[in-house]
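Protein chains in written order, with our numbering: chain A, 142 to 404; chain B, 142 to 404.
No residue lacks a Cβ here, since even glycine has one placed at the ideal position from N, Cα and C.
The structure under discussion appears below in the form of structure tokens.
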């Protein structure tokens, strides 16, 4: 097939529109941009990949990705540099963009698999933080990430980018009401640990061997009292120097790795 | 004194010019923006604060900061909202900006105090990462941060902001040649640990009780072989899931907190 050459075609406009949340919600699709995200989507979630767009140069540079996509029977579309730039409205996607279906795992699906380590994002608003926590959860071997209804859309391009491919590695359940979710986790025998600078228990003092879920709050104001009270324990990361606090992604990484180390 | 009202005055232009690296280098001054940075500068480094600019509203909102500044004999300048906006060229500084002298601690100063925990940034280029590592070093109780000559300018507004005040809490030595610095640390009896995904030793297996320094490499390409070879050990953070890697700030936070925990 000849490459797509018109940056003003309806197809290109429809892809680009996925940068907007309203369009993602209506169509149930989102964008994976750049070699890392596209490679992980193709490798780990081929059934969710709708279309892969790439330049001739990117095809030459990533033969493994092309081979995996062909093996999975995915539609590969060669595009010009101009069309590729028109597909996204953010940074340089290095010649590769995929349109993916938003997966819809449920809390039931996650609980059915007897998870040992979960993280619940409550009101996390910054795309970079949300993405970094998903990446950290993956690296720490968490079973899933749960995201509250008031958090950032994890399928926004900035979040997808900052997960560095991890969005395609573990189930990410979205749109959950925080308090009801905490209750369901506890009813399922999962200990719920709020991570908050106001916690009275220090991270190194917590027994992290039983199955548990970390609840991470908003970047600026942490977790509201009604959420903290619903948890089994409120835990804080010790501060040894003069720093007032750690940022959300750092605190989450430390909590998740403490969990991984306790296994 | 009446508030400064002209956003086009020479004084305002001279402050704003400190957003540029060349002007910081020439004048030896930099900007602290926002209540957190200004408060920590005034509290912990009053001798380095040259001028504090604030709106009437910020003065009312931060009486502790005003009291500390007055007690330290610092020049406080009330400015209009318009002047404040003209003092900086980045985000909203919430009514407060300070001009500070770039401190010049040396490696000799740091070594003279028998440090137990250090971090050396080698070719770290992203302002947010550099700032977050400085914040993490502070929180983990590190004695100082050492920054290589090829790294980002830690007195750039974006770095200052992402340290969340920690830039004023511990010595940050800049402009160091990486290899010679590693040699000097080792000669001083400090174990030098390279943090790198290519490491053969896992973080939990390292004895972190003796005095040591973590060497963190570039965001994208890590540490070059000639640097790794100069270190006592190359250490990697274990990855439990499918993630390819952690980002620099996460890896640094985990290494530094492992050190803090071993004390």
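Residue i: CB within 8 Å of a non-hydrogen atom of the ligand FAD
| i | result |
| --- | --- |
| residue 151 of chain A | In the structure on display, the ligand FAD does not appear, and there are no ligands present to speak of. |
Residue nearest to residue i in terms of C-alpha spacing, selected from the options
| i | options | result |
| --- | --- | --- |
| residue 275 of chain B | B/310, B/242 and B/266 | B/310 |
| residue 154 of chain A | A/350, A/285 and A/228 | A/228 |
| residue 233 of chain B | B/242, B/359, B/320 and B/223 | B/223 |
| residue 300 of chain A | A/355, A/162, A/367 and A/252 | A/162 |
| residue 186 of chain A | A/384, A/308 and A/236 | A/308 |
| residue 382 of chain A | B/165, B/359 and B/312 | B/312 |
| residue 231 of chain A | A/387, A/389 and A/174 | A/174 |
| residue 342 of chain B | B/281, B/181, B/267 and B/372 | B/372 |
| residue 396 of chain A | A/325, A/295, A/208 and A/281 | A/281 |
| residue 195 of chain A | A/385, A/333, A/207 and A/188 | A/207 |
| residue 305 of chain A | B/165, B/220, B/401 and B/384 | B/384 |
| residue 406 of chain A | A/240, A/169 and A/236 | The structure shown has nothing for residue 406 of chain A, since chain A only spans 142 to 404. |
| residue 245 of chain B | B/189, B/220, B/323 and B/236 | B/189 |
| residue 191 of chain A | A/168, A/200 and A/176 | A/168 |
| residue 203 of chain A | A/298, A/236, A/157 and A/220 | A/236 |
| residue 364 of chain A | A/390, A/215 and A/337 | A/337 |
| residue 150 of chain A | A/332, A/181, A/220 and A/388 | A/220 |
| residue 378 of chain A | B/362, B/379, B/401 and B/200 | B/401 |
| residue 298 of chain A | A/268, A/226, A/325 and A/198 | A/268 |
| residue 226 of chain B | B/147, B/328, B/181 and B/362 | B/147 |
| residue 369 of chain B | B/404, B/205 and B/324 | B/324 |
| residue 454 of chain B | B/328, B/143 and B/266 | Outside the displayed span of chain B (142 to 404) sits residue 454 of chain B, for which this structure offers no information. |
| residue 421 of chain A | A/256, A/266, A/326 and A/329 | Coverage of chain A is limited to positions 142 through 404, which leaves residue 421 of chain A absent and any answer about it impossible. |
| residue 176 of chain A | A/157, A/210 and A/156 | A/210 |
| residue 181 of chain B | B/200, B/199 and B/205 | B/205 |
| residue 362 of chain A | A/201, A/266, A/199 and A/327 | A/266 |
8 Å contact criterion, which residue i and residue j should meet: CB distance rounded
| i | j | result |
| --- | --- | --- |
| residue 303 of chain A | residue 273 of chain A | 6 Å |
| residue 172 of chain B | residue 159 of chain B | 5 Å |
| residue 217 of chain B | residue 193 of chain B | 5 Å |
| residue 314 of chain A | residue 278 of chain A | Contact doesn't hold; Cβ gap of about 12 Å is too wide. |
| residue 84 of chain A | residue 376 of chain A | Beyond the ends of chain A as shown, which are 142 and 404, falls residue 84 of chain A; an answer cannot be given. |
| residue 271 of chain B | residue 349 of chain B | Not a contact, Cβ separation roughly 23 Å. |
| residue 213 of chain B | residue 238 of chain B | Incorrect: roughly 17 Å between the Cβ atoms, too far for contact. |
| residue 170 of chain A | residue 242 of chain A | 6 Å |
| residue 294 of chain B | residue 165 of chain B | 7 Å |
| residue 360 of chain B | residue 389 of chain B | 5 Å |
| residue 283 of chain B | residue 252 of chain B | Not a contact, Cβ separation roughly 14 Å. |
| residue 351 of chain B | residue 332 of chain B | 6 Å |
| residue 374 of chain A | residue 347 of chain A | 7 Å |
| residue 410 of chain B | residue 394 of chain A | The first residue shown for chain B is 142 and the last is 404, placing residue 410 of chain B beyond what the model contains. |
Host alpha helix (DSSP H) of residue i (start-end)
| i | result |
| --- | --- |
| residue 252 of chain A | 248-253 |
| residue 369 of chain B | 366-371 |
| residue 272 of chain B | 268-280 |
| residue 284 of chain B | Segment: none, residue 284 of chain B is in no alpha helix (DSSP H) and carries neither H nor E. |
| residue 153 of chain B | 151-157 |
| residue 243 of chain A | Element bounds for residue 243 of chain A: n/a, residue is neither H nor E. |
| residue 383 of chain B | Segment: none, residue 383 of chain B is in no alpha helix (DSSP H) and carries neither H nor E. |
| residue 224 of chain B | 222-228 |
Extent of the continuous beta strand (DSSP E) to which residue i belongs
| i | result |
| --- | --- |
| residue 172 of chain B | 170-174 |
| residue 300 of chain A | Segment 298-303 is the alpha helix (DSSP H) holding residue 300 of chain A; no beta strand (DSSP E) there. |
| residue 259 of chain B | 258-262 |
### Task
Would you mind listing the beta strand (DSSP E) stretches within the stretch 305-372 of chain A that are 3+ residues and don't spill past its ends, in chain order?
313-317, 332-336 and 353-357
### Segment contact, 8 Å Cβ cut-off, at least three pairs: the stretch 309-326 of chain A with the stretch 282-292 of chain A
yes
### Task
With a floor of 3 residues, list each beta strand (DSSP E) that falls wholly inside the stretch 165-219 of chain B, ordered by position along the chain.
170-174, 190-195 and 217-219
### Message
Does the structure place the stretch 343-362 of chain B close enough to the stretch 251-270 of chain B that three or more beta carbon pairs sit under 8 Å?
### Response
yes
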